[in-house]
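Here's what the structure looks like:
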């Protein structure tokens, strides 16, 4: 378990982290999302001691992360593998030696039969057995990230930190890398923390997510909770526009969660209440394996009470949209 | 004439070989110190970096021919004499150390910051980062620096004639220019061109192999 309590961090007079608190459970895939400059990467670097922090506390399995205690920090770093946006492989080492490198830092032999078995096993896990002696420059971006993932796993970590790991990859490759991360999470039970500015990443793999802005957590929860019915800051981040909604009548936004999206509520409502309305805007989104949606309807002002009552009865979440920009 | 030219060629190679070897070995140390103490290094230390950097610059500003004369007492102390081919290795080395220090420093500092950060995230110590990342990744760039050094040392060794160092440059001036023996000038020049070409070609080949 990773606990962050009121973490503060500043560079000179720039406050980067402003009292960040979160708890990340074992074996979960946790997302930290936000725009560039929100402090996400700095936060991740504080967790494994690449950066120091000025206030608050970070505990990994109850142990404080402190850059001042080099020995215990090293032990903690062994528990945490990390992958990066730019892969950060050594150009002059082949795939095998890149994966083996962290073992060398720990004085482990990398050519013994057991070591070989382990390293080759990891290279197989990431699907690069045929490239085992290739140099990084002979690999594509996605393949480089696979090598980096194998390298991050070689010390048997319990936690995998991903710093914008898919930001330099195209959408198809991003999906492949994300499925690989999911597979690792399931097979090996690793806790995975994903820092990203890409909604897709959070939607595809994260079980819980924090939205960071200006060094503070503005929202935390399941991605579907955060993004289907977003708070204004998240909405701004998503740059989601409900289009031009009619200015007369009442606009109501409906939110469909996993349980409610099966019933044909909209057509049922029209029939049962005997009213007319127009559908102004709608979207459906995949979150991991579930589908969530949202819909804006425009009704006559006099129907508002009836409609709201009906929606409550059907347990559909809704809100009235006023003065949409 | 050919005996002279062959002897001179051997002298040139002898001076260049030893001064390259010594300056690479001795220049490596300040290069590492500069890299470590640089503002973006593993152990930033402004005072050490600035002072060492200043010393390197001072030695690099001397024209070789002047350095050669100024350090004669030092040459005598090291080589036991101040003239001759062996003695010429001392000023050549002294002039090459700051050059190689700077070239190696630049090569080392070109190492990708991200790779260093990755190494640190796996718990690497500063020494491990220095050897397994900085130096390992910089070898091809450092090799390029050495090739450049060898080529400029071939040029500098021509001036070693001033202290009786001999070599191709020396006989080209003495027999060729001063004694109006144009053939010497031409042959010596051709041999020097061939040397430089061969070294550059070998350098490029090894660079490709290493990187």
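Residue numbers (the numbering used here), protein chains in the order written: chain A, 1343 to 1667; chain B, 21 to 231.
Just so it is clear, CB atoms sit at the ideal spot from N, CA and C, and this is done for glycine as well.
All values derive from a computational prediction rather than experimental measurement.
Tell me, please, whether the CB atom of residue i is closer than 9 Å to any CB atom in chain B?
i                       : result
residue 1610 of chain A : no
residue 1406 of chain A : no
residue 1490 of chain A : yes
residue 1443 of chain A : yes
residue 1434 of chain A : yes
residue 1578 of chain A : no
residue 1419 of chain A : yes
residue 1481 of chain A : no
residue 1401 of chain A : no
residue 1667 of chain A : Residue placement at residue 1667 of chain A is poorly supported in this model, since its pLDDT is 42, which falls under 50; the coordinates still yield a value, given next. Output row for residue 1667 of chain A: interface = no.
residue 1447 of chain A : yes
Do we get a CB-CB distance below 9 Å when we pair residue i with the residues of chain A?
i                      : result
residue 152 of chain B : yes
residue 223 of chain B : no
residue 140 of chain B : yes
residue 173 of chain B : no
residue 50 of chain B  : no
residue 148 of chain B : yes
residue 64 of chain B  : no
residue 229 of chain B : no
residue 60 of chain B  : no
residue 157 of chain B : yes
residue 145 of chain B : yes
Going by the CB atoms, is the gap between residue j and residue i shorter than 9 Å?
i                       : j                       : result
residue 1401 of chain A : residue 1364 of chain A : no
residue 130 of chain B  : residue 158 of chain B  : yes
residue 1496 of chain A : residue 1470 of chain A : no
residue 1409 of chain A : residue 1381 of chain A : no
residue 56 of chain B   : residue 121 of chain B  : no
residue 1375 of chain A : residue 1386 of chain A : no
residue 117 of chain B  : residue 188 of chain B  : no
residue 1642 of chain A : residue 1532 of chain A : no
residue 230 of chain B  : residue 180 of chain B  : no
residue 98 of chain B   : residue 89 of chain B   : no
residue 1540 of chain A : residue 1521 of chain A : no
residue 217 of chain B  : residue 1446 of chain A : no
residue 24 of chain B   : residue 155 of chain B  : no
Does the beta-carbon of residue i have 16 or more other beta-carbons within 10 angstroms, so that it is buried, or is it exposed?
i                       : result
residue 1391 of chain A : buried
residue 1563 of chain A : exposed
residue 37 of chain B   : exposed
residue 60 of chain B   : exposed
residue 31 of chain B   : buried
residue 1678 of chain A : Nothing can be reported for residue 1678 of chain A: it is not among the residues displayed for chain A, which extend from 1343 to 1667.
residue 1367 of chain A : exposed
residue 204 of chain B  : buried
residue 1667 of chain A : The predicted position of residue 1667 of chain A is uncertain, since its pLDDT is 42 and thus under 50; no value can be drawn from it.
residue 221 of chain B  : exposed
residue 66 of chain B   : exposed
residue 1439 of chain A : buried
residue 1478 of chain A : buried
residue 1356 of chain A : exposed
- Task: Entirely within the segment 1473 to 1547 of chain A and at least 4 residues each: give me those alpha helix (DSSP H) ranges in chain order.
- Result: Counting whole runs of 4 or more residues, the segment 1473 to 1547 of chain A contains the alpha helix (DSSP H) stretches 1483 to 1495, 1513 to 1530 and 1541 to 1547.
- Message: Could you tell me which whole beta strand (DSSP E) segments of length 3 or greater appear in the segment 47 to 89 of chain B?
- Response: none
- Does the pairing of the segment 104 to 113 of chain B with the segment 1404 to 1421 of chain A give three or more beta-carbon distances under 8 Å? No contact exists between the segment 104 to 113 of chain B and the segment 1404 to 1421 of chain A.
- Quick one: any contact between the segment 153 to 173 of chain B and the segment 39 to 50 of chain B, if contact means 3 or more CB pairs under 8 Å? yes
- Query: Are at least three pairs of beta-carbons, each pair with one atom in the segment 1418 to 1437 of chain A and one in the segment 122 to 129 of chain B, less than 8 Å apart?
  - Reply: no
- Inspect the CB distances between the segment 1457 to 1469 of chain A and the segment 1477 to 1495 of chain A and report whether three or more fall short of 8 Å. yes
- Message: With three or more beta-carbon pairs closer than 8 Å as the criterion, would you say the segment 1605 to 1622 of chain A touches the segment 1569 to 1577 of chain A?
- Response: With the cut-off at 8 Å, the segment 1605 to 1622 of chain A and the segment 1569 to 1577 of chain A do not touch.
- Message: Three Cβ pairs or more, each shorter than 8 Å: is that satisfied between the segment 1612 to 1631 of chain A and the segment 1538 to 1548 of chain A?
- Response: Verdict: yes, contact present.
- Mind pulling the beta strand (DSSP E) runs of 3 or more residues that sit fully within the segment 1547 to 1571 of chain A? 1550 to 1555 and 1558 to 1563
- Residue ranges of each beta strand (DSSP E) within the segment 127 to 171 of chain B, 3 or longer: none
- Query: What are the start and end residues of each continuous beta strand (DSSP E) run of 3 or more residues lying completely inside the segment 1610 to 1664 of chain A, in chain order?
  - Reply: 1620 to 1629, 1632 to 1641 and 1659 to 1663
- Taking the runs of the beta strand (DSSP E) that are 3 residues or longer, which of them lie wholly in the segment 1405 to 1473 of chain A? 1422 to 1425
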